[in-house]
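Residue numbers (this note's numbering), protein chains in the order written: chain A, 1 to 177; chain B, 178 to 363.
In structure tokens:
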């Protein structure tokens, strides 16, 4: 009975998600697929694992310092992470295949409050198969990629922040049920 | 600040990286119509070496890039349909021969022969134009294409299928008189 109830909640969640949230430009709803593994260390050497079942959305962002659009987008990601500390969404920032020195100097200049994970050999990024860099995925609380973000966006814009808040609100609704 | 132009990665990154080499800036080739804007910029060996040296690439890898001819390509899907990129559908012809792009598999083999560490292989792959991609409405992507060095000018015909089922009107973009960029001798 419990399983059936869970299934019904998940199905209604998926349906209402696509039906009710208006998509800002550049965000594409995809056929949900399980997110590849993501287990990396951050710049402080702390281990991170994108685990499912924690009832939070994840904003998973891949970047590199040589990518021009990343330079413009990163400060807006830093701003949104600071604005949304109370929302049920984790911001997971992944540098692709660059040295710690490069990451430190880049982030120090453009977004000093961001602590990026380091995909030192680039193999985790390969598994996620981004269309290019930068690339952002929105992963639901069940560990499924629901949205792909094409290109860099200005996450400080209310349109994008409202979208992310709506996602985390859906999450809150699940919790209540 | 508006963010309408985001995805032509190398047009900006490489231009920044090569700021000191502007005296040798090669010609940009641009074709634009209602459906697509495509930009091709030939890159000299020095430009490519500067970019990859800046990313701490080993000397063996830099030498390998010297052997190839690089072009930075930017593609913007201006249409409301999906635009299908598949570089296998591109033709490169001189007046007497047909040329081939160096594939991602070629570079993977080359890096393995040279024992280039994985992280540099990964960065190099991200600097290449995807070989296949379904460009969404207003999507912009970019990256390098490579071929064996040639002195002969050539024509590049880029064919794109269109529409969700790839059955829309195909789009052909033809760049005439392309040639590998050469560094000026000191």
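A virtual CB, placed ideally from N, CA and C, is assigned to each residue, including glycine.
Is the beta carbon of residue i less than 8 Å from the beta carbon of residue j?
i: residue 132 of chain A; j: residue 73 of chain A; result: no
i: residue 232 of chain B; j: residue 66 of chain A; result: yes
i: residue 48 of chain A; j: residue 91 of chain A; result: no
i: residue 69 of chain A; j: residue 158 of chain A; result: no
i: residue 332 of chain B; j: residue 312 of chain B; result: no
i: residue 247 of chain B; j: residue 225 of chain B; result: yes
i: residue 95 of chain A; j: residue 56 of chain A; result: no
i: residue 124 of chain A; j: residue 116 of chain A; result: no
i: residue 324 of chain B; j: residue 260 of chain B; result: no
i: residue 220 of chain B; j: residue 358 of chain B; result: yes
i: residue 305 of chain B; j: residue 262 of chain B; result: no
i: residue 147 of chain A; j: residue 25 of chain A; result: no
i: residue 202 of chain A; j: residue 295 of chain B; result: What the structure shows of chain A is the stretch from 1 to 177, and residue 202 of chain A is not part of that stretch, so it cannot be assessed.
i: residue 214 of chain A; j: residue 93 of chain A; result: Outside the modelled stretch of chain A, which goes from 1 to 177, sits residue 214 of chain A, for which no answer is possible.
i: residue 326 of chain B; j: residue 244 of chain B; result: yes
i: residue 167 of chain A; j: residue 138 of chain A; result: yes
i: residue 127 of chain A; j: residue 32 of chain A; result: no
i: residue 170 of chain A; j: residue 27 of chain A; result: no
i: residue 345 of chain B; j: residue 250 of chain B; result: no
Looking at the structure shown, is residue i part of a helix, part of a strand, or coil, going by DSSP?
i: residue 179 of chain B; result: The predicted position of residue 179 of chain B is uncertain, since its pLDDT is 39 and thus under 50; a value taken from the coordinates is nonetheless stated next. Residue state, collapsed to three classes: coil.
i: residue 220 of chain A; result: Beyond the ends of chain A as shown, which are 1 and 177, falls residue 220 of chain A; an answer cannot be given.
i: residue 186 of chain A; result: Examination of residue 186 of chain A is not possible in this model, given that chain A is present from 1 through 177 alone.
i: residue 77 of chain A; result: helix
i: residue 320 of chain B; result: strand
i: residue 31 of chain A; result: strand
i: residue 289 of chain B; result: helix
i: residue 329 of chain B; result: coil
i: residue 200 of chain B; result: Low confidence applies to residue 200 of chain B: its pLDDT is 48, below 50, so where it sits in the model is not reliable enough to give any reading.
i: residue 214 of chain B; result: strand
i: residue 267 of chain B; result: coil
i: residue 309 of chain B; result: strand
i: residue 142 of chain A; result: coil
i: residue 101 of chain A; result: helix
i: residue 276 of chain B; result: strand
i: residue 344 of chain B; result: coil
i: residue 72 of chain A; result: helix
i: residue 239 of chain B; result: helix
i: residue 360 of chain B; result: coil
i: residue 302 of chain B; result: helix
i: residue 125 of chain A; result: helix
i: residue 137 of chain B; result: Nothing can be reported for residue 137 of chain B, as the shown portion of chain B is limited to 178 through 363.
i: residue 23 of chain A; result: coil
i: residue 87 of chain A; result: coil
Round the Cβ separation of residue i and residue j to the nearest angstrom and send it over; I've been treating them as touching at under 8 Å.
i: residue 118 of chain B; j: residue 217 of chain B; result: Lying before the first or after the last residue shown, residue 118 of chain B is absent from chain B, which here runs from 178 to 363.
i: residue 297 of chain B; j: residue 284 of chain B; result: So it is not a contact: roughly 11 Å between Cβ atoms.
i: residue 348 of chain B; j: residue 337 of chain B; result: 4 Å
i: residue 77 of chain A; j: residue 155 of chain A; result: 6 Å
i: residue 292 of chain B; j: residue 255 of chain B; result: Not quite, the Cβ-Cβ distance comes to about 43 Å (not below 8 Å), so this is no contact.
i: residue 97 of chain A; j: residue 299 of chain B; result: 4 Å
i: residue 141 of chain A; j: residue 54 of chain A; result: 7 Å
i: residue 267 of chain B; j: residue 329 of chain B; result: Rounded, the Cβ-Cβ distance is 17 Å, inconsistent with contact.
i: residue 281 of chain B; j: residue 241 of chain B; result: No, residue 281 of chain B and residue 241 of chain B are not in contact; Cβ-Cβ is about 14 Å, not under 8 Å.
i: residue 315 of chain B; j: residue 222 of chain B; result: 34 Å between Cβ atoms; not a contact.
i: residue 350 of chain B; j: residue 208 of chain B; result: 5 Å
i: residue 71 of chain A; j: residue 110 of chain A; result: 6 Å
Can you tell me which residues form a DSSP beta bridge with residue i?
i: residue 60 of chain A; result: A/92 and A/137
i: residue 47 of chain A; result: A/41
i: residue 229 of chain B; result: In DSSP, residue 229 of chain B forms no bridge with anything.
i: residue 261 of chain B; result: B/311 and B/338
i: residue 247 of chain B; result: B/220 and B/323
i: residue 355 of chain B; result: B/331
i: residue 190 of chain A; result: Residue 190 of chain A cannot be examined here, being either before or after the span of chain A that is shown, 1 to 177.
i: residue 252 of chain B; result: B/215 and B/318
i: residue 208 of chain B; result: B/215
i: residue 349 of chain B; result: B/336
i: residue 178 of chain A; result: Residue 178 of chain A falls outside the range modelled here, since chain A spans only 1 to 177, and no answer is possible.
i: residue 110 of chain A; result: Paired residue(s): none; residue 110 of chain A is not in a bridge.
i: residue 229 of chain A; result: No answer is possible for residue 229 of chain A: it lies beyond the span of chain A, which begins at 1 and ends at 177.
Is residue i near the ligand HEM, in the sense that its beta carbon is under 7 Å from a heavy atom of that ligand?
i: residue 63 of chain A; result: This structure lacks the ligand HEM, and indeed carries no ligand of any kind.
| field | chain B contacts from the stretch 114-134 of chain A (Cβ-Cβ distance under 9 Å) | value | 119, 120, 121, 122, 123, 125, 126, 130, 131, 132, 133 and 134
| message | Any C-beta of chain A within less than 8 Å: which residues of the stretch 310-338 of chain B qualify? | response | 310, 313, 315, 316, 317, 318, 319 and 320
| Residues within the stretch 218-238 of chain B neighbouring chain A, beta-carbon criterion of under 9 Å | 228, 231, 232 and 233
| Which of the residues in the stretch 273-300 of chain B, read from start to end, lie with their CB under 9 Å from any CB of chain A? | 294, 295, 296, 297, 298, 299 and 300
| said: Beta carbons nearer than 7 Å to chain B: which residues of the stretch 60-71 of chain A have them? | reply: 64, 66, 67, 68 and 69
| For the stretch 85-101 of chain A, which residues have a CB atom closer than 8 Å to at least one CB atom of chain B, in sequence order? | 96, 97, 98 and 99
| query | If contact means a Cβ-Cβ distance below 9 Å, which residues of the stretch 131-159 of chain A contact chain B? | reply | 131, 132, 133, 134, 150, 151, 152, 153, 154, 156 and 157
| Contacting positions in the stretch 249-270 of chain B - beta carbon closer than 9 Å to chain A | none
| query | Of all the residues that make up the stretch 23-45 of chain A, which are near chain B by a beta-carbon distance shorter than 9 Å? | reply | Residues 25, 26 and 28.
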